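Residues in the sequence shown are numbered consecutively from -13, following the working numbering.
We put the CB at the ideal spot given by N, CA and C, even for glycine.
Because the structure is a prediction, the values reported are computed rather than measured.
First comes the structure, then the notes that go with it.
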Amino acid sequence: MRHNRTGAFMVTSFVLLAALVARGVTAQETDTPYPAIAPIEQYLMDRTAEMSLARSAAPASISDDATILVLGRTGYETAVEGTNGFVCMVDRGWDGPLDWPEFWNPRIRAAACLNPQAARAIAPIMLLRTRMVLAGKARAEIVSALKAGFANHSLPPLEDGAMAYMMAEDAYLTDMGGHNGAHVMFYTQVNSADWGANVEGSPVMASPFWYFAPQASSQMTGLPPMIVFLVGTSTWSDGTPAT
């Protein structure tokens, strides 16, 4: 899929699914090729390779001074302490929406560099999810833990300005269509219509953060509303063309 006005860019996993949602197709109506977690070894990477992939999510001027996280057997571990407030890591499928068909896809390597606001507000969600997944917890238990975390304030509220770079050329974001696409993401509670997202001609697409399916709204009780806006970029993080 290519954008027809602002330059071609490959659509990412979250954009693809956002487009499906916009057309009224829910995650439950798509195939679920990954019904359960794979052996943990399939999600792990060589430590040096993971650090390199994590850094490549953003331009070196940002990621060179960022904190770098790598996945271990019980959760993410700090490999490098940064100085600029950014946190770079390689998300796995379980960091996506809770009803995403690729939630357990062991091929997902979604490199992201979170800015300081997202590092404070979004990273704790990812770290909690990952600890629970690697401890063998089911998705329902993860949801309960997230709701408890927001209720007791161990998980912080979303901060204004939270965003992430996802410009790694070697990332693997989805099995659907092209597996990668350079983009930046913005986390907000703003209504998608206020950004002109998901309409023809707009370079902006929006996706729910927690669940894709509209019928999952009852499960949202206790989770703060959150929308992810995605804007494609014309280059990878090293400045080479991403088209």
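Cβ-based burial, residue i [other Cβ within 10 Å; buried from 16]
i: residue 177; result: exposed
i: residue 174; result: buried
i: residue 170; result: buried
i: residue 166; result: buried
i: residue 138; result: exposed
i: residue 19; result: exposed
i: residue 56; result: buried
i: residue 192; result: buried
i: residue 59; result: exposed
i: residue 53; result: buried
i: residue 218; result: buried
i: residue 36; result: buried
i: residue 225; result: exposed
Alpha-carbon to alpha-carbon, residue j and residue i
i: residue 288; j: residue 40; result: The question about residue 288 has no answer here: the residues shown for the chain are numbered -13 through 229.
i: residue 12; j: residue 197; result: Reliability of the predicted coordinates at residue 12 is poor, the pLDDT of 49 falling under 50, and no value is obtained from them.
i: residue 32; j: residue 88; result: 22 Å
i: residue 215; j: residue 195; result: 10 Å
i: residue 207; j: residue 133; result: 8 Å
i: residue 305; j: residue 96; result: In the structure displayed, the chain extends from -13 to 229; residue 305 sits before or after that span and is not available.
i: residue 70; j: residue 204; result: 39 Å
i: residue 103; j: residue 148; result: 5 Å
i: residue 211; j: residue 47; result: 32 Å
i: residue 121; j: residue 22; result: 14 Å
i: residue 199; j: residue 190; result: 20 Å
i: residue 85; j: residue 65; result: 30 Å
i: residue 135; j: residue 105; result: 17 Å
i: residue 107; j: residue 172; result: 12 Å
i: residue 83; j: residue 209; result: 13 Å
i: residue 181; j: residue 187; result: 13 Å
i: residue 159; j: residue 202; result: 23 Å
Pair within 8 Å by beta-carbon distance, residue i and residue j
i: residue 98; j: residue 75; result: yes
i: residue 179; j: residue 228; result: no
i: residue 80; j: residue 119; result: yes
i: residue 151; j: residue 116; result: no
i: residue 156; j: residue 42; result: yes
i: residue 72; j: residue 114; result: no
i: residue 131; j: residue 223; result: no
i: residue 77; j: residue 112; result: yes
Beta-bridge pairing of residue i - partner residues as DSSP gives them
i: residue 185; result: Bridge partners of residue 185: none, in fact.
i: residue 194; result: 213
i: residue 158; result: 95
i: residue 218; result: 169
i: residue 176; result: Paired residue(s): none; residue 176 is not in a bridge.
i: residue 76; result: 97
i: residue 20; result: According to DSSP, residue 20 bridges with nothing at all.
| query | Is the region 81 to 92 in contact with the region 23 to 43, if contact means three or more CB pairs nearer than 8 Å? | reply | yes
| query | Is the region 120 to 127 touching the region 142 to 149 in the sense that three or more CB pairs, one from each, lie closer than 8 Å? | reply | no
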